[in-house]
Amino acid sequence: MAELMDEYGRPQTPGASGKQGGVTRRKFLSYGIGGIGTAIAAALLYPIVGYAASPAFSTGKEQWIAVGNVTDFSPNQPQKVEFSYKKLDGWMTVEQKSTCWVVAKDSANFDVFNPKCTHLGCAYHWDQNETKFLCPCHGGVYDITGKVLAGPPPRSLDKVPFKLEGDKLLVKGA
Amino acid sequence: MSVYDWLDKRLDLRPGLAKMLDHPVPTWVNWLYCFGGITFFFFVLQAITGIFLMLYYVPSPDHAYESVQYITNTVHFGKIIRGMHHWTATLIVVTVVIHMLRVFWHGAYKAPRELNWVAGVCLFLLTMGFGFTGYLLPWDQKAYWATAVGTNIAGSVPVVGSFLLKLARGGTDLGAVTLVRFFDVHVALLPLFMVIFLAGHFFMIRRQGISRPY
Ligand code: HEM
Ligand code: FES
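In structure tokens:
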């Protein structure tokens, strides 16, 4: 019998390519092994990918933290409030320290700002003489409503969601 | 043209693959001869699931227990990944013993395969080592006391006992140092030796072929 060759003239195992037509025993077995192998790989890969990506799917638990009484804030006197709350970090419960700026428009209307400058995240402060929020890093300036007046910040100060419960002012912690 | 054909054209894979895949299997081989392979499959499974357990596990007395609980109760599929590692650890001992009994029953340890029996005994001890060191890692009551007992047994060896006990525990008491060294042995030292001995085992099987029974 003439030896079977592939297109480079290398000897080929008979039946390896199934060239004789139909499904050879060799082909059947390689499909079988390939199929079972793929099934095992998929059965492993599916849970493993979900497991590794697990933290990316979880959304932090919503928390409302009391930061003060409405009467603590006098109108148009921005006040920096420091507070802390318990937060889940993986398997640990950690004490998370946080800050926000509270601006009372009147005794019922408030603005609560994220304490980071919207430019590159520095801490800004309220200047009582100029009645503006000033950022020391690159000269960002905001008015009392958080609107940018000067400097590089690309948008108004970010607002922190809050709600009133009776006399208490609560802000949302992430 | 399949991906395989494309690669084969450039890299000439066929002869190498054929040597592996067309290797004749002796006619007397039966299902009992599969247990070495099954054990190897389990070992690969342990390596994979183990690598992923390390994604969340922390080998410190402060965090070991909580991080394992976190894997089990919070992480998606954590129960499955941990469960696979847990049950395969048990099954691997069963299959390794069946494999060893088969080799013994068939007299496959006789010349010229004595060295492969010795390599096999090393593999068996490595498997036991994985089981012993892995048992401590969840850092729960069962883990702690099993290791207390296990290391005390080492301590009961005449003359060198107290040294062995301190070596295993990293001190006289079972604590933080014990946990970290068990972890290191479990995930670094034993896997390294396992791979070396498996390579030797498989090389010898290939060179010597599967023995004829008796
Ligand atoms: C991690 C553990 C081990 C793995 C993955 C493993 C794997 C294998 C595999 C795949 C074979 C081919 C034949 C068969 O499966 O029966 C084999 C053969 C062999 N194994 Fe193991 N083995 C392990 C442990 C052991 C142990 C504990 C012993 C004995 C103390 C042993 C002694 C042998 C011998 C002597 C052969 C040659 C058998 C023959 O030629 O018929 N192995 N091993
Ligand atoms: S960070 Fe505030 S101006 Fe650049």
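Chains as they are written, first to last, in the working numbering: chain H, 95 to 268; chain R, -2 to 211.
Ideal Cβ placement from N, Cα and C applies to all residues, glycine included.
Open item on the list: At the 7 Å Cβ level, is R/I48 part of the contact set with chain H, yes or no?
Closed with: Reading the second sequence from its first residue, position 51 is the one you call residue 48 of chain R. Under the 7 Å criterion on CB atoms, R/I48 is classed as non-interfacial with respect to chain H.
Task: Residues bridged to H/W220 [DSSP beta-bridge criterion] - done: If you number the first sequence from 1, residue 220 of chain H lands on position 126. Bridge partners of H/W220: H/F227.
- [ ] Determine the burial state of H/H232: buried for a count of at least 16 other Cβ atoms within 10 Å of its Cβ, exposed for fewer.
- [x] Here residue 232 of chain H is taken as the residue at index 138 of the first sequence, counted from 1. Classification for H/H232: exposed.
Open item on the list: Measuring only from the beta carbon, is R/V93 closer than 6 Å to any heavy atom that is part of ligand 1?
Closed with: Position 96 of the second sequence, counted from the first residue, corresponds to residue 93 of chain R. Yes; taking the cut-off as 6 Å, the Cβ of R/V93 has a heavy atom of ligand 1 nearer than that.
- [ ] Determine whether the Cβ of H/S148 lies closer than 7 Å to any Cβ atom of chain R.
- [x] Taking the first residue of the first sequence as position 1, residue 148 of chain H is located at position 54. Judged by the 7 Å Cβ criterion, H/S148 is in contact with chain R.
- [ ] Check each candidate in R/T24, R/D2 and R/R209 and name the one with the smallest Cα separation from R/K107.
- [x] Stepping through the second sequence from its first residue, residue 107 of chain R is reached at position 110. R/R209 is the residue among R/T24, R/D2 and R/R209 whose C-alpha sits nearest the C-alpha of R/K107.
Open item on the list: Output needed for R/I68: all residues of its chain with C-beta closer than 6 Å, excluding positions within five of it in sequence on either side, in chain order.
Closed with: If you number the second sequence from 1, residue 68 of chain R lands on position 71. Taken in chain order, the residues that qualify are Y53, G75 and R79.
Open item on the list: According to DSSP, H/K257 sits in a beta bridge with which residue or residues?
Closed with: Position 163 of the first sequence, counted from the start, is the residue given in the question as residue 257 of chain H. Answer is H/L264.
Open item on the list: Rounded to whole angstroms, what is the Cα-Cα separation between H/N223 and H/P230?
Closed with: By 1-based counting over the first sequence, the position of residue 223 of chain H is 129. By 1-based counting over the first sequence, the position of residue 230 of chain H is 136. The alpha-carbon atoms of H/N223 and H/P230 are separated by roughly 16 Å.
- [ ] Starting from the beta carbon of R/S64, find every residue of chain H whose beta carbon is closer than 8 Å, and list them in chain order.
- [x] Taking the second sequence and counting its residues from 1, one reaches residue 64 of chain R at position 67. Those within 8 Å of R/S64 in chain H are G184 and W185.
Open item on the list: What does the alpha-carbon distance come out to for the pair H/D205 and H/T187?
Closed with: Taking the first residue of the first sequence as position 1, residue 205 of chain H is located at position 111. Taking the first residue of the first sequence as position 1, residue 187 of chain H is located at position 93. Taking the Cα positions, H/D205 is about 29 Å away from H/T187.
- [ ] Taking C-beta pairs closer than 8 Å, name the residues in chain H that R/I45 reaches, listed in chain order.
- [x] On the second sequence, position 48 is the one that residue 45 of chain R refers to. Ordered by position in chain H, the residues that pass the 8 Å Cβ test against R/I45 are L138 and I142.
Open item on the list: Suppose contacts are defined by Cβ-Cβ distances below 7 Å. Is R/A173 in contact with R/L162 by that definition?
Closed with: Start at 1 with the first residue of the second sequence, and residue 173 of chain R comes out as number 176. Start at 1 with the first residue of the second sequence, and residue 162 of chain R comes out as number 165. Not a contact, by the Cβ cut-off of 7 Å.
TODO: Determine, using beta carbons only, whether H/G112 comes closer than 7 Å to chain R.
DONE: As a position in the first sequence, residue 112 of chain H is number 18, starting the count at 1. Here H/G112 scores only 46 on pLDDT, less than 50, and its place in the model should not be relied on; the value that follows carries that caveat. No, because no Cβ of chain R sits closer than 7 Å to the Cβ of H/G112.
Task: H/A87 versus H/V196 - alpha carbon distance - done: Summary: the structure shown does not reach residue 87 of chain H, with chain H confined to residues 95 through 268, and so no result is reported for it.
Open item on the list: Along the chain, where does the beta strand (DSSP E) containing H/M186 start, and where does it finish?
Closed with: Mapped onto the first sequence, residue 186 of chain H falls at position 92. M186 to A198 is the span of the beta strand (DSSP E), which, as asked, contains H/M186.
TODO: Indicate the three-state DSSP secondary structure (helix, strand or coil) for R/V22 in the structure shown.
DONE: Taking the first residue of the second sequence as 1, we reach residue 22 of chain R at position 25. Note: R/V22 maps to coil in three-state DSSP.
- [ ] List the residues of chain C whose Cβ lies closer than 7 Å to the Cβ of R/V72, in chain order.
- [x] Going by chain labels, chain C is absent from the structure shown, which instead holds the protein chains H and R.
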